[in-house]
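K.L.:
The structure that follows is given in the form of structure tokens.
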Amino acid sequence: MKILDGKIDERSNCVSLLASMTLEEYKTLVFESFNADGNIEGQRGVIKRSSVASKIRKRMNDDFINGALFPQVVIGLLYEENDFKQLKQFSEEHELFKESLSDIQSANISIIDGMQRSGVYFTNFEGNESREIRVEFWLTNQSTKLLYRMLVLNTGQVPWNTRRQVEVIFGNLSKNMISELNKKFPDLSGKIEILGVDDGKRRSQAGKYHKSSIIEMYLGFNTRKVKVNVSDELADEFQRFDMMESIEKDVNFNLFVECLGFLCTLDLAFAKYNNEDIIEMQFRSGKDVFTSAPACLGFIVACSEFIMGKVPVNRTDEEKTARLQSLREKVNIILQKMNQIDDIAFLGLSSLSDVVEELPKTKIGDEMRRLFKNAFTEILRYDDLDEIPSLETFWRE
773 MKILDGKIDE RSNCVSLLAS MTLEEYKTLV FESFNADGNI EGQRGVIKRS
823 SVASKIRKRM NDDFINGALF PQVVIGLLYE ENDFKQLKQF SEEHELFKES
873 LSDIQSANIS IIDGMQRSGV YFTNFEGNES REIRVEFWLT NQSTKLLYRM
923 LVLNTGQVPW NTRRQVEVIF GNLSKNMISE LNKKFPDLSG KIEILGVDDG
973 KRRSQAGKYH KSSIIEMYLG FNTRKVKVNV SDELADEFQR FDMMESIEKD
1023 VNFNLFVECL GFLCTLDLAF AKYNNEDIIE MQFRSGKDVF TSAPACLGFI
1073 VACSEFIMGK VPVNRTDEEK TARLQSLREK VNIILQKMNQ IDDIAFLGLS
1123 SLSDVVEELP KTKIGDEMRR LFKNAFTEIL RYDDLDEIPS LETFWRE
């Protein structure tokens, strides 16, 4: 392998190395990742079903056999913090990088761009082992930086719907979400479960949330919009860039985890109260509030606006941190108030059920999201929550 060029991307704090390597070296390094669809959640595998894809693949195979040089494949390499610092510090000393390749685990190697080209390389591997191809390596210590790079390289490829995009982002971030929640909210340890997107089970208790609902909340938090359609195909690139901007900012993920923690804490506190003998009410018990996906989204978007301001306000990280502390205090006041009153009447569930019943039945989901977002916005905006006897007033805003 020869290193042709090396640069540090100051914006993303990544090291970029352009290399020439034999097909045998390439296969040894990335074949396991290739068989795992690139080893980066959401990456497109080799396209096999479409007739157009079949023709393109045949043309690429023929071109390769006839000596074509393809654009470089982009490989992401994820390192531990100390190893990455050393590689970055000595980015021009390429022997250190080459040595690191023999130690890096396949789980930390991702094909960010070039699955189709890799398929051609491996299909025609026999007899071409010593043939040289070009590879670009992106070295980082944060998987979100690799996701950002993948999204940039996917820009302009359609169709790519919002649900797929957010699943790509969330699928990776969610690996750390429960552990982050437990660090920030030790009292939640062992009480929170994220159910799979395809898990059809109805939530039976507080603290359980469907992954699809969390995805919707994540999108709502970052776009600060209560109306999100995660199945819409992207007619333009604006939402894609909104999400790319959000995932490259660690503070945004931390803020989302904090707000999700507030929701979980309130959910568990609300669930202590029930009135399930009144069967005709939609909200018969405290756990029913956040069983409602519109309530979850409304709360998260209200928190997002409280911390970050309305679109297009762009607050500094310091301002966001200060607003987060204020939000934490307001949530604690509600929890303290519930402990003092210790009565289901504080939740105002009867009034909430009446208000929801009176909503227009056309586009009821949109109406409920607006209702909960407005209610939680007013709760967070209120100066002295300690004087409020119940939440009934806010449901009727």
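Note that the numbering used here has the sequence shown beginning at 773, numbered continuously upward.
The C-beta atom is built at its ideal place from N, Cα and C for all residues, glycine as well.
Return helix, strand or coil for residue 1093, following the three-state DSSP convention.
P.N.:
By one-based count along the sequence shown, residue 1093 stands at place 321. Helix at residue 1093.
K.L.:
Run through DSSP, which three-state label would residue 998 get?
P.N.:
Against the sequence shown, residue 998 aligns to sequence position 226. It is coil, neither helix nor strand.
K.L.:
Are residue 1055 and residue 1124 close, meaning C-beta to C-beta below 7 Å?
P.N.:
Here residue 1055 refers to the residue found at position 283 of the sequence shown. Here residue 1124 refers to the residue found at position 352 of the sequence shown. Contact flag set, yes.
K.L.:
Output yes or no for whether 7 Å exceeds the beta carbon distance between residue 1142 and residue 1076.
P.N.:
As a first step, residue 1142 must be located in the sequence shown, where it is residue number 370. As a first step, residue 1076 must be located in the sequence shown, where it is residue number 304. Taking the C-beta atoms as reference points, residue 1076 is found no nearer than 7 Å to residue 1142.
K.L.:
One question on the structure: do residue 993 and residue 1035 come within less than 7 Å of each other, judged by their Cβ atoms?
P.N.:
Taking the sequence shown and counting its residues from 1, the one referred to as residue 993 is at position 221. Taking the sequence shown and counting its residues from 1, the one referred to as residue 1035 is at position 263. Not a contact, by the Cβ cut-off of 7 Å.
K.L.:
Please state the DSSP three-state secondary structure of residue 781.
P.N.:
As a first step, residue 781 must be located in the sequence shown, where it is residue number 9. DSSP, reduced to helix, strand and coil, places residue 781 within a strand of the structure shown.
K.L.:
What residues in its chain sit with their C-beta under 6 Å from that of residue 1007, if we drop five residues either side in the sequence?
P.N.:
The residue given as residue 1007 occupies position 235 in the sequence shown. Reliability fails at residue 1007, whose pLDDT of 39 lies under 50, so the model's placement of it is uncertain and the value that follows must be treated cautiously. If the five residues before and after residue 1007 are omitted, its C-beta is found closer than 6 Å to no C-beta atom of its own chain.
K.L.:
In this structure, how does DSSP classify residue 1114 when only helix, strand and coil are distinguished?
P.N.:
Position 342 of the sequence shown, counted from the start, is the residue given in the question as residue 1114. In this structure, residue 1114 counts as coil in the three-state DSSP scheme.
K.L.:
Grab the span of the beta strand (DSSP E) containing residue 906 for me, first residue to last.
P.N.:
Stepping through the sequence shown from its first residue, residue 906 is reached at position 134. First-last of the beta strand (DSSP E) with residue 906: 904-912.
K.L.:
I want to know whether the stretch 1113-1123 touches the stretch 1021-1030 - three or more CB-CB distances under 8 Å.
P.N.:
no
K.L.:
Kindly identify the DSSP beta-bridge partner or partners of residue 1046.
P.N.:
By one-based count along the sequence shown, residue 1046 stands at place 274. Looking at the DSSP assignment, residue 1046 forms a beta bridge with 1057.
K.L.:
For residue 981, which of 1064, 952, 896 and 844 has the nearest alpha-carbon?
P.N.:
In the sequence shown, the residue the question calls residue 981 occupies position 209. Ranking the options by Cα distance to residue 981, first place goes to 1064.
K.L.:
Within a Cβ cutoff of 7 Å, which residues of the same chain sit near residue 1068, ignoring the five residues on either side of it in sequence?
P.N.:
Here residue 1068 is taken as the residue at index 296 of the sequence shown, counted from 1. Closer than 7 Å at Cβ, skipping near neighbours: 985, 989, 1035 and 1062.
K.L.:
Got a sec? Which residues, its chain only, sit under 7 Å from residue 998 by beta carbon, not counting five neighbours each side?
P.N.:
Numbered from 1 along the sequence shown, position 226 holds the residue referred to as residue 998. Answer for residue 998: 992, 1069, 1070, 1073, 1141, 1142 and 1145, listed in chain order.
K.L.:
For the beta strand (DSSP E) containing residue 965, name the first residue and the last one.
P.N.:
Sequence index remark: in the sequence shown, residue 965 carries index 193 (1-based). 965-967 is the span of the beta strand (DSSP E), which, as asked, contains residue 965.
K.L.:
Please classify residue 1168: is it buried, with 16 or more other beta-carbons within 10 angstroms of its beta-carbon, or exposed?
P.N.:
Against the sequence shown, residue 1168 aligns to sequence position 396. It counts as exposed.
K.L.:
Could you pull out every residue in the same chain whose Cβ sits closer than 7 Å to the Cβ of residue 1079, ignoring the five residues on either side in sequence?
P.N.:
Position 307 of the sequence shown, counting from 1, holds the residue named residue 1079. Cβ neighbours of residue 1079 beyond the five flanking positions: 1027, 1092, 1095, 1096 and 1099.
K.L.:
Decide yes or no for the touch test of the stretch 871-887 against the stretch 776-793: beta carbon pairs closer than 8 Å, at least 3 of them.
P.N.:
no
K.L.:
Are at least three pairs of beta-carbons, each pair with one atom in the stretch 849-859 and one in the stretch 891-902, less than 8 Å apart?
P.N.:
no
K.L.:
Can you tell me whether residue 741 is helix, strand or coil according to DSSP?
P.N.:
Residue 741 is absent from the model: the chain starts at 773 and stops at 1169.
K.L.:
Kindly indicate which residue of 785, 1042, 1052 and 1085 has the alpha-carbon position closest to the one of residue 1162.
P.N.:
Numbered from its first residue, the sequence shown carries residue 1162 at position 390. Checked all of 785, 1042, 1052 and 1085; the closest Cα to residue 1162 is 1042.
K.L.:
Check the DSSP bridge columns for residue 885 and list the partner residues they point to.
P.N.:
Working through the sequence shown from its first residue, we reach residue 885 at position 113. 846.
K.L.:
Measuring straight from C-alpha to C-alpha, what distance separates residue 1130 and residue 957?
P.N.:
Start at 1 with the first residue of the sequence shown, and residue 1130 comes out as number 358. Start at 1 with the first residue of the sequence shown, and residue 957 comes out as number 185. Rounded to the nearest angstrom, the two C-alpha atoms are 37 Å apart.
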